[in-house]
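Comments concern the structure below.
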Amino acid sequence: MVQTVQESTGGTASYMFGSSPTRVKWKIERGLGTWRKGVREGKSMERYQRRQGRKGGGLKNNGGGGRPGKKVTPSKERTAVEVMGTSFGKQSSERMFFDASGKASSGILEGAVNFIGIYSECVKTTIQSKETLIHSKYCLINLNASTSSHQKEVPQASWLVLTKSGHPATIGVCIPYSCSTQDVQYATNASLRKNFSQEFHPWSDAFLAFSFKQRKFSPGVKKERIRLSWTFSFCMPLIFGHTFSFATTNLFFVNPGFTQDAPKDFLSQILANGTFAVDTFYLISGVLVAFVTLKGLEKTNGKLPLLYFYFHRYFRLTPLFMAVIMFCAYLLRYVSSGPNWLHSIEMYDSWCRQNGWINALYLHNFIKTENMCLSHTWYLATDMQMYLVTPLILIPLYRSVKYGFISMGAFLFTTIITTAVITAVYHYPAVPYMNNILPLEVVNEYYKNVYIKTYCRMGPYIIGIAIGYLFLHKKELILNKKTAAALWCASIGLGLTIIYLMWPANQGILPSDAEAAAYSALARTLWGVSTGWIIIACYYGYGGIVNSILTWSPFVPLSRLTYCAYLIHPVIMNVYYGSTETAVMFTPGFTIYTFLGNICITFVLSTFLSMLFESPFVNLEKAILTRGKAS
Numbered sequence: 001m002v003q004t005v006q007e008s009t010g011g012t013a014s015y016m017f018g019s020s021p022t023r024v025k026w027k028i029e030r031g032l033g034t035w036r037k038g039v040r041e042g043k044s045m046e047r048y049q050r051r052q053g054r055k056g057g058g059l060k061n062n063g064g065g066g067r068p069g070k071k072v073t074p075s076k077e078r079t080a081v082e083v084m085g086t087s088f089g090k091q092s093s094e095r096m097f098f099d100a101s102g103k104a105s106s107g108i109l110e111g112a113v114n115f116i117g118i119y120s121e122c123v124k125t126t127i128q129s130k131e132t133l134i135h136s137k138y139c140l141i142n143l144n145a146s147t148s149s150h151q152k153e154v155p156q157a158s159w160l161v162l163t164k165s166g167h168p169a170t171i172g173v174c175i176p177y178s179c180s181t182q183d184v185q186y187a188t189n190a191s192l193r194k195n196f197s198q199e200f201h202p203w204s205d206a207f208l209a210f211s212f213k214q215r216k217f218s219p220g221v222k223k224e225r226i227r228l229s230w231t232f233s234f235c236m237p238l239i240f241g242h243t244f245s246f247a248t249t250n251l252f253f254v255n256p257g258f259t260q261d262a263p264k265d266f267l268s269q270i271l272a273n274g275t276f277a278v279d280t281f282y283l284i285s286g287v288l289v290a291f292v293t294l295k296g297l298e299k300t301n302g303k304l305p306l307l308y309f310y311f312h313r314y315f316r317l318t319p320l321f322m323a324v325i326m327f328c329a330y331l332l333r334y335v336s337s338g339p340n341w342l343h344s345i346e347m348y349d350s351w352c353r354q355n356g357w358i359n360a361l362y363l364h365n366f367i368k369t370e371n372m373c374l375s376h377t378w379y380l381a382t383d384m385q386m387y388l389v390t391p392l393i394l395i396p397l398y399r400s401v402k403y404g405f406i407s408m409g410a411f412l413f414t415t416i417i418t419t420a421v422i423t424a425v426y427h428y429p430a431v432p433y434m435n436n437i438l439p440l441e442v443v444n445e446y447y448k449n450v451y452i453k454t455y456c457r458m459g460p461y462i463i464g465i466a467i468g469y470l471f472l473h474k475k476e477l478i479l480n481k482k483t484a485a486a487l488w489c490a491s492i493g494l495g496l497t498i499i500y501l502m503w504p505a506n507q508g509i510l511p512s513d514a515e516a517a518a519y520s521a522l523a524r525t526l527w528g529v530s531t532g533w534i535i536i537a538c539y540y541g542y543g544g545i546v547n548s549i550l551t552w553s554p555f556v557p558l559s560r561l562t563y564c565a566y567l568i569h570p571v572i573m574n575v576y577y578g579s580t581e582t583a584v585m586f587t588p589g590f591t592i593y594t595f596l597g598n599i600c601i602t603f604v605l606s607t608f609l610s611m612l613f614e615s616p617f618v619n620l621e622k623a624i625l626t627r628g629k630a631s
């Protein structure tokens, strides 16, 4: 392009520089911003060009313009700094310099490239600075289309308009009167030389989805987001419980009787009732789904795109899930060996080769449950199935609070009654006891027909939906200290009651069928109520030290790895247990030591697994959806 600067008093100067009109609007807006930045810093235009790596750059002096290397004089520099530094000030006169200058508008590629600003507003503008009165001057910058190789970046019709019409692009700028033509030339040259044209490459975008991003390990969490660091904190009891349960199944102990006596101990009741950790995940899942979906419904006036709603969930969970299954089915057997190796990896090796396809459908809690691939992932199946019916709750809840809570009540009533009836009719235990006081066949039947069935586990999920609705519609919750303390006491008391109510059963004193049915039907929903208060208290600022622990900044990046950790932690445990060649002494210290080791190894491997399989597909989904919305 050939640029010409014309002052309102008549002086002209021109020079050549390469550019493309493809992004003229972006160029001008970015350029003026860059220009103001350079002037505000009080640098000479030559030094500013050199800092940007653009010294010289094809400058051609045509007789009327400045000399290369000419610096802005101190007086001009001070005046420019004062004006540009206050151009967005509070006084209207200070904003007139910017307001009177031309700005890019629509239709650039159709030839609308004259941005002359408002001449009369500029010439009458003055600003009272600390030392003197600053007058204004109007300058007109002419930008002619270059005949360089940039033509291929511009639509043909637009190129003809820009190159053959004889009408150059024109920009009017309002500047302090003391600034010269050369000053404007240097500033514009530094601002508009860069080519902002871009080409879109879908395959490159897809490949870049697999690039590692620092955000994965950033401890920052936006204040308006629900604190996802909770998931890491609540994941710990689950991993601790699996550390014990898989050890009793796949390790040889010198003192096997200790594993039978441990669940009878008072403190061990937390471990013996570790299955309630799963209900905490149902609770959190309900909170997040309700909060995010209802917020989206507000933006779309109640329209829920079901295809995207389901695709998002499936695409979010499945790639990593299938990657773990494929590894277990075809590679895990070669990782190690040991006296109990084949038994410890059976559910990951042969069962995944046979039934892994069922997991891809998220039906493995209903089909061939006796040989379930990755048996701990029954939770994913139930969570997906709950997600499928969630619109039956959220859409009515968005339209009417009354009908929404009726829908929630119907689901809650159904899950409570169904669980109670099945437990009572088939004489199932209230919970899966850990001390082998019941025949293994009975425990397996309970596991198959109650424990992993969606219609028996929805209670905490429904409570979570109610909490998510509360978070969205009540920005603040005002409670006095006594009320908050009373709710904390009630929550802790309810949780401890649920855990220790089955202590006699773990000692061999079994409840009646009616008691077992009542406990089985109500305990998990009430656990959701108990844990739900903790989440509510932390969200609204009544969490105290509990909130400080749950939201500790190192937990934030770890919480982003929770899904990976959930999938692989039993595999890691059984690789270790199955390759152990000697019998071990079971002690509480051994359990804690093994648990800490499992935590460390799990999250280290989860980091690499997330980089390879989880984050790439999350980024790919965002790229696809963003491109779809743009088109």
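The opening position of the sequence shown corresponds to residue 1 in the UniProt record's numbering, with each subsequent residue numbered one higher. Every residue, glycine too, gets a C-beta built ideally from N, C-alpha and C.
Distance between beta carbons of residue j and residue i, contact taken as under 8 Å
i: phenylalanine 291; j: phenylalanine 471; result: 5 Å
i: glycine 102; j: phenylalanine 115; result: 3 Å
i: threonine 231; j: serine 559; result: 5 Å
i: tryptophan 357; j: proline 460; result: About 29 Å separates the two Cβ atoms, so there is no contact after all.
i: threonine 580; j: leucine 294; result: So it is not a contact: roughly 49 Å between Cβ atoms.
i: alanine 518; j: alanine 420; result: 7 Å
i: tyrosine 433; j: asparagine 449; result: Between asparagine 449 and tyrosine 433 the Cβ distance is about 16 Å, and since that is not below 8 Å, they are no contact.
i: glutamine 260; j: asparagine 547; result: Contact doesn't hold; Cβ gap of about 39 Å is too wide.
First through last residue of the alpha helix (DSSP H) which encompasses residue i
i: cysteine 122; result: 119–123
i: valine 442; result: 440–446
i: isoleucine 545; result: 544–550
i: phenylalanine 413; result: 401–425
i: phenylalanine 281; result: 276–299
i: leucine 496; result: 481–500
i: proline 570; result: 562–579
i: valine 389; result: 378–389
i: glycine 532; result: 513–540
i: glycine 257; result: 256–261
Residue environment, residue i, which counts as buried when at least 16 other CB atoms sit within 10 Å
i: valine 571; result: buried
i: glutamine 507; result: exposed
i: asparagine 598; result: buried
i: serine 75; result: Bear in mind that a pLDDT of 48 at serine 75, under 50, signals an unreliable position, so the number given afterwards is only what the model happens to contain. Label assigned to serine 75: exposed.
i: asparagine 189; result: buried
i: glycine 468; result: buried
i: cysteine 489; result: exposed
i: proline 176; result: buried
i: isoleucine 141; result: buried
i: proline 429; result: buried
i: asparagine 355; result: buried
i: threonine 483; result: exposed
i: phenylalanine 613; result: buried
i: glutamine 385; result: buried
Distance between residue j and residue i (C-alpha atoms, nearest Å)
i: proline 396; j: glycine 409; result: 12 Å
i: isoleucine 568; j: leucine 332; result: 12 Å
i: tyrosine 387; j: threonine 369; result: 21 Å
i: glycine 464; j: valine 289; result: 9 Å
i: cysteine 179; j: alanine 112; result: 28 Å
i: valine 618; j: threonine 170; result: 44 Å
i: threonine 602; j: alanine 565; result: 6 Å
i: valine 442; j: leucine 304; result: 43 Å
i: lysine 299; j: threonine 132; result: 52 Å
i: threonine 377; j: lysine 264; result: 28 Å
i: tyrosine 576; j: threonine 582; result: 12 Å
i: asparagine 61; j: leucine 609; result: Any reading at asparagine 61 must be qualified, since the residue scores a pLDDT of 33, below 50, and its modelled position is unreliable; no value is offered.
i: leucine 394; j: glycine 404; result: 7 Å
i: serine 344; j: phenylalanine 258; result: 21 Å
i: isoleucine 592; j: threonine 382; result: 30 Å
First and last residue of the uninterrupted beta strand (DSSP E) at residue i
i: asparagine 598; result: Unbroken run through asparagine 598 is the alpha helix (DSSP H), 588–609; no beta strand (DSSP E).
i: asparagine 142; result: 133–143
i: threonine 170; result: 169–176
i: glutamine 128; result: 126–128
Close-in-space but distant-in-sequence residues of the same chain around residue i (CB under 6 Å, 5 per side omitted)
i: proline 256; result: none
i: threonine 594; result: Thr243
i: isoleucine 462; result: Met408, Phe411 and Leu412
Chain-order list of residues whose beta-carbon lies under 7 Å from that of residue i (same chain, five-residue window excluded)
i: tryptophan 351; result: Asn371, Met372 and Cys373
i: threonine 125; result: Ser93, Met96, Phe97, Ala100, Ser136 and Cys174
8 Å CB neighbourhood of residue i in its chain, flanking five on each side removed
i: valine 584; result: Leu251, Phe252, Phe253, Val254 and Phe590
i: glutamate 621; result: His312, Phe315 and Arg316
i: tyrosine 348; result: Cys328, Ala329, Leu332, Cys373, Leu374, Val571 and Asn574
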